Every structure is written in C-alpha cells, then in structure tokens.
Amino acid sequence: MPRKIIHLDLDAFFCAVEELQNLALKGRPFAVGGQPDERGVISSCSYAARVFGVHSAMPTGRALGLCPGLQVISPHHQLYSQASRQVMERLHQWTALVEQISIDEAFLDLSDLPEEAESLARRLQGEIRNALGLPCSLGVATNKLIAKIATDVGKAAHRSNQPPNAITVVAHGQEAAFLAPLSVQSLWGVGPKTASHLAALGIGTIGDLARWTETDLIKIFGKNGYDLARHARGIDESPIVTEHEAKSISQEITFSRDMSDAERLRSMLRELSETVGRRLRQAQLCGSTVKIKLRWPDFTTLTRQVTLPQPTDQDDEIFTAALGLLEKNRPARQLVRLLGVGVSNIVSPYRQLSLWDTGSEKSRRLQTAIDELREKYGEDIVHHGK
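Every number in this note's numbering is 7 more than the matching position in the sequence shown, counting from 1.
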C-alpha cells in the first residue's frame, strides 16, 4: 500500500509565537529580527509585511524602506524552542515516526492509520491551531520528496495578508504530473550550479528532466544523475529518520559596531559558551572539540579549534578553551566584526564520571540548577561575577 507521508511547516513560526504573546500584532506588518543599527536581518515576518515585499534574510534597513510602518521585534528564542517542543510532542502523540528537520518543520508517516491521508492532515492542522494557537501548512503525498514540495507549492500560491494554512495533496500515481511544470530547482540536490548545467542542456522544468533517461543523466552527472532521474519521476523511498546525529553545536554574533574592547569580547565569549553548553545539555550531548570563529571588519574570517582531553557539556570548560583560542589568535587591538563559539566531535550519551570526580559532579549539579533557573525566569536571572 502507498505510504501516507505528511510534511508540516509552521507558518511564519517566530511571528506566530510573538502574536500569542501580544494579540495586538495580529494582522499587522511586523517582523522578528535584528535592529537596523545593528546590521540586523529579518528572521521571520508576518504575512501582512510580506505584502510589501518584506522577506526573511533581508537586511532590516531594506525591510523598513519597503514597509515604513514595519514593527521590528527582537527574537525570543526560548519562547520559540518551547513552542516547537509543544508541537513536536503533539506530533508524537499521532505516531512514533516523526522526523523533525528544523525548529518549525517535520515529516510524519501515518501509513498505519486507516483514515484517508487528507482527512488526517486536516485533523492534525486543526489540532495544532486549536490547542497551540499556531497556523501550519501541510503537504500530503506518498513520499517525503513530494510531500515537502507540495507544502512549498501550497505556501507559494498564497497571496493573502493572513497565514496560508495550506493543505496540498498529491495522490498516489500523480507524483510525476504534479512535478512536471515545476522548476528543476524544486528538487532536492539541485542547487544553482546543477540548475545552470541543466539549463545548458535545455532542461528548465522537472518535466523536461523526466524525459531524459537515467543512463544519460548518470553519464553526465555521475551518481547524482541516478537521483535526478528518480526524483524527476516522483520516486523517493527515503524513510522517516527519527533521530539525527548532531555533528556540531555553535552560536555566533555579529556586532552592531566593530568591537575592540577585550573585556567586552571576553564577556560575549562567555555568553556564547553558555548558550552552546546549554544546548548540549538539552540534547544530552557532549563534545570534545571547541572552536571559535572570528571575522575582522574586512571580512577576513578565521576558525580555530582545540581538542579537550575528554568530552564536555560544561560552560566553564567550553569558555576556558574558547578564551585561550581567542587570546592566541586575535592580535592586540584588532577590531572584531563577528565572534562565534562551537563544539564538535559530538558524543552521546553523557560521559560517565569517575567515582572520585567529585569536583565535576558538583559543577554539573550547579550547572543544572542554573539551567532550571534560566528556564523558569529567563536568561538574565543568573550572571557570572567579574
């Protein structure tokens, strides 16, 4: 029997969460992102703002030029993470076959449920809207590739100043026909370079691509040609992956003004280290390689790393390693445009502490207490002393 795969995408997720906190924002042009005097960019914008041409990844200054009345809200990542967890918990009540692919997107395999796939999608959309107050769009198909593209098509057709709440269904046997008029760049693995190569061959749509034989595409594109041929015909057998192995966890900041003050850089490095440490602990992961990223005003970018004797998820250990890298690689009085901290060589589960490792055990208990306070009262409730 054909699978029942649903791709769920929360509509303008950050903005939808902000509207739950402030109902006065509903229907108004606003965005979540950095301020224009901080070299800010738009992370998410309401559909009322999109009518003016505002979109994500746009510089905030440009967005204000297009929409002078645009209200720009600084992001509240803790709220977005909490809302995302609530959505994913709901999805897991429907099935164990849930693949979260970002903070606001997931695949579900509902093949074991007897109800029609479209009916399931409408019930799921209604539950998330009514229980959590969040709008979402869904793609329904027999595989992940088509379900994801169906969501994109449904959202792209939306022209209102309200969230799309789209449900786009591609019936079994209609996959190739659905794909045929779409651009080849709608397919997974077709970026600008591959699209340019395909255009040189006279291939602009997925239907054009489907007319080429698998053998010819493999001759031209190698192994990728096999995937191109299958995907162009709507064939995708990839399973729902319920767990993804994290390769690294990082956090960075671009300063509103180039930074030279060593103490302020040190303070920001500690904040970044604490964010990375907390994300590691939330994911029940540790890492043994600490790295920093530095960018000078001329956009010269350096990355440097050091490997620790054993994996860690502790803020102080991450900060100490990162600070050593910063002091070693930043010339005196060198201005800094961007600063980042990351941890890689991720392992799970937590390393087992030695019986005599009481210092680390005390540190872990203290760190857990701090995490609980910040989760309950916000990031600013606890600060390190000078």
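Glycine included, every Cβ here is placed at the ideal spot set by N, Cα and C. Keep in mind the model is a prediction, meaning the values are calculated, not measured.
Secondary structure of residue i, DSSP reduced to three states
| i | result |
| --- | --- |
| Gly-40 | strand |
| Asp-116 | strand |
| His-62 | coil |
| Met-275 | helix |
| Ser-167 | coil |
| Asp-177 | This sequence places Val at residue 177; Asp is not what is there. Val-177 falls in the coil class under three-state DSSP. |
| His-14 | strand |
| Cys-143 | strand |
| Ile-156 | helix |
| Ile-135 | helix |
| Thr-249 | coil |
| Ser-263 | strand |
| Gly-76 | coil |
| Ser-257 | strand |
| Ser-81 | coil |
| Asn-172 | coil |
| Ala-239 | helix |
| Asp-234 | helix |
| Glu-334 | helix |
| Arg-129 | helix |
| Ala-55 | helix |
| Glu-244 | coil |
| Lys-162 | helix |
Residue i versus residue j: straight-line alpha-carbon distance, rounded
| i | j | result |
| --- | --- | --- |
| Gly-347 | Glu-123 | 47 Å |
| Val-39 | Gly-76 | 14 Å |
| Gln-89 | Thr-222 | 48 Å |
| Gly-127 | Leu-120 | Here residue 127 is Leu; the residue named in the question, Gly, does not match the sequence. Straight-line Cα distance between these residues: approximately 9 Å. |
| Arg-264 | Ala-236 | 49 Å |
| Gln-181 | Ser-91 | 32 Å |
| Leu-189 | Leu-330 | 49 Å |
| Phe-185 | Asp-159 | 13 Å |
| Ile-325 | Pro-318 | 10 Å |
| Asp-322 | Arg-273 | 14 Å |
| Cys-52 | Ala-290 | 28 Å |
| Leu-27 | Leu-208 | 49 Å |
| Gln-341 | Leu-276 | 16 Å |
| Glu-334 | His-204 | 45 Å |
| Ala-328 | Leu-32 | 43 Å |
| Gly-349 | Gln-93 | 27 Å |
| Glu-96 | Ile-174 | 21 Å |
| Leu-194 | Ser-109 | 18 Å |
| Thr-67 | Ala-56 | 12 Å |
| Gln-85 | Gln-258 | 14 Å |
| Glu-106 | Ala-164 | 26 Å |
| Asn-137 | Thr-212 | 39 Å |
| Ser-280 | Ala-64 | 25 Å |
| Val-354 | Val-313 | 16 Å |
| Val-283 | Gly-60 | 34 Å |
| Asp-18 | Gly-232 | 33 Å |
| Ser-118 | Arg-10 | 5 Å |
| Thr-310 | Asn-336 | 9 Å |
| Thr-296 | Asp-320 | 11 Å |
Assigned exposure category for residue i - 16 Cβ within 10 Å defines buried
| i | result |
| --- | --- |
| Gly-196 | exposed |
| Thr-149 | buried |
| Met-8 | exposed |
| Lys-151 | buried |
| Lys-5 | There is simply no residue 5 to check, as the chain begins at 8 and stops at 393 in what is shown. |
| Ser-144 | buried |
| Ile-227 | exposed |
| Thr-307 | exposed |
| Leu-301 | buried |
| Leu-15 | buried |
| Gly-6 | Here the chain comprises residues numbered 8 to 393, so residue 6 is not present and cannot be evaluated. |
| His-238 | buried |
| Asp-111 | buried |
| Thr-220 | exposed |
| Thr-365 | Confidence at Thr-365 is low in this model, with a pLDDT of 35, below 50, so its placement is unreliable and no value can be given for it. |
| Asp-116 | buried |
| Leu-30 | exposed |
| Gly-229 | exposed |
Limits of the unbroken alpha helix (DSSP H) element including residue i
| i | result |
| --- | --- |
| Thr-222 | 221-228 |
| Gln-85 | 84-101 |
| His-27 | It should be noted that the sequence gives Leu, not His, for residue 27. Where Leu-27 is concerned, the enclosing alpha helix (DSSP H) stretches over 20-28. |
| Leu-71 | 67-73 |
| Glu-182 | 182-186 |
Residue i - containing beta strand (DSSP E), residue span
| i | result |
| --- | --- |
| Thr-149 | It is not in any beta strand (DSSP E) - Thr-149 carries neither H nor E in the DSSP assignment. |
| Leu-346 | 343-354 |
| Glu-122 | Segment: none, Glu-122 is in no beta strand (DSSP E) and carries neither H nor E. |
| Glu-106 | 105-109 |
| Ile-49 | 49-52 |
Residue-chain proximity (residue i, chain B), Cβ-Cβ < 9 Å
| i | result |
| --- | --- |
| Val-147 | Considering every chain present, this structure includes no chain B. It has just one protein chain. |
Check: residue i C-beta below 8 Å from any heavy atom of the ligand SAM
| i | result |
| --- | --- |
| Glu-106 | You won't find the ligand SAM in this model; it holds no ligand whatsoever. |
>> As an exercise, report each continuous alpha helix (DSSP H) stretch of at least 4 residues that is fully enclosed by the region 189-219, in chain order.
In response: Within the region 189-219, complete alpha helix (DSSP H) segments of at least 4 residues are found at 199-207 and 213-217, given in chain order.
>> Going residue by residue through the region 276-330, where are the continuous beta strand (DSSP E) segments of at least 3 residues, counting only ones entirely within it?
In response: 293-302 and 308-319
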